[in-house]
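Reviewing the structure listed below.
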């Protein structure tokens, strides 16, 4: 009996993620699922963060459109109600202080929409229901981005930042709303797609107008990474073999056999050079800090190197920065930001660059009332 119980316990440990998935399954097809009400992005309760000064006031202040990662496991819903208190607390106390705050340089205004996020369960399988749930989440954020653009001054520069599920949705926003629109694209400081796969084939397709950031001070470009440790084989397989991202047609398609973007957030280059820990500007465990608080930086915590589209990192020295032993941890975002200070310095550098570019463009732009010279082709007389 003792041997039997030991085998049962061992099987439970080995299959714990599969067992966990069983409890997270909503148990109803998405097509017949009663979806939660959609957020109204003209209202403050549809935003986890939204500046009080809007619609052209304080014109020129930069902004960040931040899309939060998955905070709802599943069980009752394919898509979490946007106003669930549990998720609101996690976003406010953990996600925003760790992942949005690094971009709040130089009076940057933070816009962080709530949305009917797809559950963690939808990222643990490739069911069609899961894809439909992710598309619903995308549609919410697309509407939020429309409202975001309405509230910005027409010349106001902005960051686009997505983490985890938010990164996957951020790619969709980039492809549909930023890349095709020159007026919006010229105001993009940079797009940061963090802890979500960015297939390189998009760069020759819907993202062809947004180059990869290859220099730490470059603007109007795209950067991103997924950090893993070499020994995290389950996480590596989950990303490279079982993840999905948008394709050239805007469909959520499998990642398998698609090369991925990796920009090293210590060096801010897209090559495979190794960045030793001595160059690491600092991580932060910023949970429960206010967005205006400066966390204590933990410097020289990890080395990093892009390999095969993934950012291979060393084990952080501080225990607060290591992954906890949570169920389905290979699909979750860390509770602390490994590259907080690196991101903050880089965001400032890219903002400085774009502000200088916009100032030059304004200096050399013709006055609005200046006559426009139009070249005309000679008119050929029509015989008869």
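In our numbering, the protein residues as written are 13 to 396. Ideal Cβ placement from N, Cα and C applies to all residues, glycine included. All values derive from a computational prediction rather than experimental measurement.
Annotated three-state conformation of residue 289 is helix, per DSSP. Where residue 251 is concerned, there is no enclosing beta strand (DSSP E), although the alpha helix (DSSP H) around it starts and stops at 245–254. Membership of residue 174 in the beta strand (DSSP E) is indicated by the continuous run 170–175. Around the beta carbon of residue 128, a 10 Å sphere encloses 16 or more other beta carbons of the protein chains shown; the residue is thus reported as buried.
Of all C-beta pairs linking the stretch 225–237 to the stretch 357–366, three or more are shorter than 8 Å, placing the two stretches in contact. Membership of residue 77 in any alpha helix (DSSP H) is not indicated; the residue belongs instead to the beta strand (DSSP E) covering 75–79. When rounded, the separation of the alpha-carbon atoms in residue 361 and residue 175 is 21 Å. In its chain, beyond the 5 residues on either side, 41, 42 and 90 have a beta carbon closer than 7 Å to the beta carbon of residue 141.
Taking 4 residues as the shortest admissible run, the stretch 90–116 contains the following complete alpha helix (DSSP H) segments, listed from N- to C-terminal end: 97–102. DSSP places residue 360 in the uninterrupted alpha helix (DSSP H) bounded by 352–376. Between the stretch 70–87 and the stretch 157–173 there are three or more inter-stretch CB-CB distances shorter than 8 Å, so the stretches are counted as touching. 8 Å or more divides the Cβ of residue 262 from the Cβ of residue 216.
Just so you know, the alpha carbons of residue 319 and residue 375 end up roughly 43 Å apart. Excluding residues up to 5 positions away in sequence, 260 and 270 lie with their Cβ nearer than 7 Å to the Cβ of residue 213 in the same chain. Residue 298 and residue 331 have their C-alpha atoms roughly 14 Å apart. Three or more pairs of CB atoms, one per stretch, sit closer than 8 Å, so the stretch 90–110 contacts the stretch 141–159. Under the three-state reduction of DSSP, residue 222 is assigned to coil, being neither helix nor strand. Excluding sequence positions up to five before and after residue 58, its CB lies within less than 6 Å of the CB of 51, 52 and 126, all in the same chain and listed in chain order. Residue nearest to residue 312 within the set 161, 203, 294 and 179 is 294 (criterion: CA-CA distance).
By the 16-neighbour rule on beta-carbons within 10 angstroms, residue 219 is buried. Under the criterion of beta carbons closer than 8 Å, residue 82 and residue 132 qualify as touching, at roughly 5 Å. Contact between residue 324 and residue 242 holds, since their C-beta atoms are separated by about 6 Å, short of 8 Å. Here residue 236 carries a strand assignment [DSSP, helix/strand/coil]. Going by C-alpha positions, residue 310 is about 29 Å away from residue 250.
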